[in-house]
Amino acid sequence: MLLNNSHADEAAFLDTPGSKQEKLPGESSSTELTPLTSDRPSSSREAKTNGCHITPFATRVNKFTQQYVLNSDNAASMPSKREAETTEDELIRRIQPSQRCSLQVQRSQPEPGCRFMYDRMEDRFNYLEDRIRKSATLFSASGLCGEPADATLASEEKMFAVGMVTCDGEGRLNEKSILLQGSAEHSRGERVRLDLKDLDHFSLFPGQVVGIEGHNPSGHCFVASKLIDLIPVSVGAQLPSAKKQAVDNGSHHQNSDAGTLSRALSSVIAAGPYTTTDNLLFEPLQELLAYACRKQPQLLILMGPFIDSDHPVMKKGTVDQTFHDIFYFEVLRKIQDFTQYLGNTVCVILIPSIRDAHHDFVFPQPAFDLNLPEDITHQISSLANPSFFSSNQIHFGCCTVDILKQISGEEISHKPPNGKPGDRIGGLATHILKQQSYYPLYPPAAGVPLNFSLAKEALEISLTPDVLLLPSDLAPFVKVLSLGEGRDDQKQFICLNPGRLAKGIGGGTFVELYYNEDTSRTNASIIRI
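Read in full-length UniProt numbering, the sequence shown has 312 at position 312, and its numbers run on one by one without any break.
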């Protein structure tokens, strides 16, 4: 059953696993999913309290239930409950083929086959020094602040300094242990203690590069009066040059008219694991592909892990096939059949995870080497982790490392006594773009194989994407966030965490996104599989 190579015909996509299961006698109603609502999705803490009521994937009754909708007023194109109950034959007759989307890859580094595990102390120093020095240059060029000074020197005069937030020990950051490490150019790489008592609010984590205004009367403690955590964008910042102009070899016509293409795109976005913990049948993946067959999105984005190294069967070592064989037969072949079923109207993007047992354990992580037949390479692409790409002139940034959860465990924040409670998840997501790095945390969290010799360009975010994909173990969400709020150059973007497609022995969530010109006319839904 693990590696059954026999494949049904194309109609098999619409006959999903467990589709004929009946509700068990006396089954508790607590297994029903969260109804459609415009409020926040349920938190992971609530999910844990109901963990004992998880319905096994094959025996669940409610399928593809909308758990949360973004901009529900614009959801005219979203599937209705009646549509979901329509028979498959009617759906096939009604759905018209969609126009193929364009696809350009601006940044996907490192390349497959790259050398890693060759980190030197010099690489680590250069990576940190470049982050601080580049940020200081951007602060200076913005004209909003003065020239960066040495924060370690005693002075009663107000000065402006740029440095990296660090902790004075191995414990967790707190208000008494915050240090500011300057660059070798401005302060010889020395550190000084920060006093933040005069600040109404702040949000800091180790590795964060900030600009601080204040004075250092004693030479041992820098008293801050103003803190800036948004690194200015370079005036001449442009998108990285696309290395793959039109992944579709036959889309010269499409790209030549790129200026006239509308910024509209239908997509389905999911993150692994793609199979439940009690087997390796990959039933959630099969059901997701069946859903995509019915909806026919232009773009299907699948983020790892695909072959999860944390799966109980993988940990036991009882699998009698190689991890590469499992990936090929149970994942890649299903995706190939899916693309053949829909024809040229769909593009599929695969992005690896450091939890993928069959792939390089390094971050940044190269793309999968798929070795696909030539007639299908224009439909299925693999990008590095992290990566930056565009589809129909809509820019996507993606990182499959759970940076949100890792920053949330290290962050220290302070809010005004009478201030309104803020959006913490949104604040964590904006840290990524404020720092212009997919992984601004330093030192890296346990289990993250950060390679500093590969990280300099691969982790850099040169421009704010329209859609930022950050899969996480935290509660799934879709949010419209602002960067540089209150400024003339304020930029809005969509940040989403699709959740995990499989959670334990049950099903998880994914996101269906309809991007239309800008965030105000875009709608998205979190769907419980």
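Every residue gets a Cβ at the ideal spot worked out from N, C-alpha and C, and that includes glycine.
Remember, predicted model here, so these are calculated numbers, not experimental data.
Assigned secondary structure, residue i (DSSP; H/G/I helix, E/B strand, else coil)
i	result
Q336	helix
F396	strand
S28	Since pLDDT at S28 reaches only 39, below the 50 mark, its modelled position is unreliable, and no value is offered.
H186	helix
F125	helix
Y438	coil
G427	helix
V61	coil
R93	Residue placement at R93 cannot be trusted, given a pLDDT of 39 that sits under 50; the coordinates are not used to answer.
Q379	coil
E460	strand
L302	strand
L350	strand
S453	helix
T137	helix
S520	strand
F368	coil
S262	coil
F477	strand
S472	coil
K234	One point to set straight first is that residue 234 is Ser, not Lys, in the sequence displayed. Here S234 sits in coil by DSSP.
D130	helix
D308	strand
F116	coil
Cα-Cα separation, residue i to residue j
i	j	result
P471	S218	45 angstroms
R94	I228	Low per-residue confidence applies at R94: pLDDT is 42, beneath 50, and the placement is therefore not dependable enough to give any value.
R124	R500	32 angstroms
A524	R107	25 angstroms
L454	G422	35 angstroms
H324	F389	26 angstroms
E410	S482	23 angstroms
S387	S155	44 angstroms
N336	I349	Correcting the residue type first, residue 336 is Gln in the shown sequence and not Asn. The alpha-carbon atoms of Q336 and I349 are separated by roughly 12 angstroms.
K226	G163	14 angstroms
V331	M303	12 angstroms
A446	I403	12 angstroms
V223	D200	13 angstroms
P364	N126	17 angstroms
R60	C114	44 angstroms
T339	L372	12 angstroms
V401	Q436	16 angstroms
H359	P352	8 angstroms
L450	E460	14 angstroms
P417	N174	18 angstroms
S203	S140	22 angstroms
D320	K415	54 angstroms
E190	D119	23 angstroms
Nearest-angstrom beta carbon gap, residue j and residue i [assumed within contact, 8 angstroms]
i	j	result
F306	F327	6 angstroms
F160	I529	Between I529 and F160 the Cβ distance is about 51 angstroms, and since that is not below 8 angstroms, they are no contact.
H215	E122	So it is not a contact: roughly 34 angstroms between Cβ atoms.
V209	R131	6 angstroms
I376	D466	With 8 angstroms as the limit, I376 and D466 do not qualify as a contact, their Cβ atoms being about 28 angstroms apart.
residue 594	I527	One cannot answer for residue 594 here, as it falls past the ends of the chain, which runs 1 to 529.
I505	P56	5 angstroms
V511	I494	Going by Cβ atoms, the distance from V511 to I494 rounds to 10 angstroms, so no, they are not a contact pair.
S382	F368	4 angstroms
P206	P366	The pair is not a contact, with the Cβ atoms about 27 angstroms apart (cut-off 8 angstroms).
Start and end residues, beta strand (DSSP E) containing residue i
i	result
G211	209 to 216
D195	191 to 195
L468	467 to 469
L180	178 to 181
F160	155 to 167
R107	104 to 107
Element boundaries [alpha helix (DSSP H), containing residue i]
i	result
M314	312 to 316
T345	No alpha helix (DSSP H) holds T345; DSSP gives it neither H nor E.
Q406	403 to 408
R294	283 to 295
F323	323 to 326
According to DSSP, residues forming a beta bridge with residue i
i	result
Q492	S482
E512	V268, S525
A384	For A384, which the question treats as bridged, DSSP gives no partner whatsoever.
S203	S413
residue 541	Any question about residue 541 goes unanswered here, given that the chain covers just 1 to 529.
K226	E213
D360	Its beta-bridge partners do not exist; DSSP assigns none.
G506	K503
N497	F477
C389	With the sequence shown as reference, residue 389 is identified as Phe, and Cys is not the correct amino acid for it. V105, F396.
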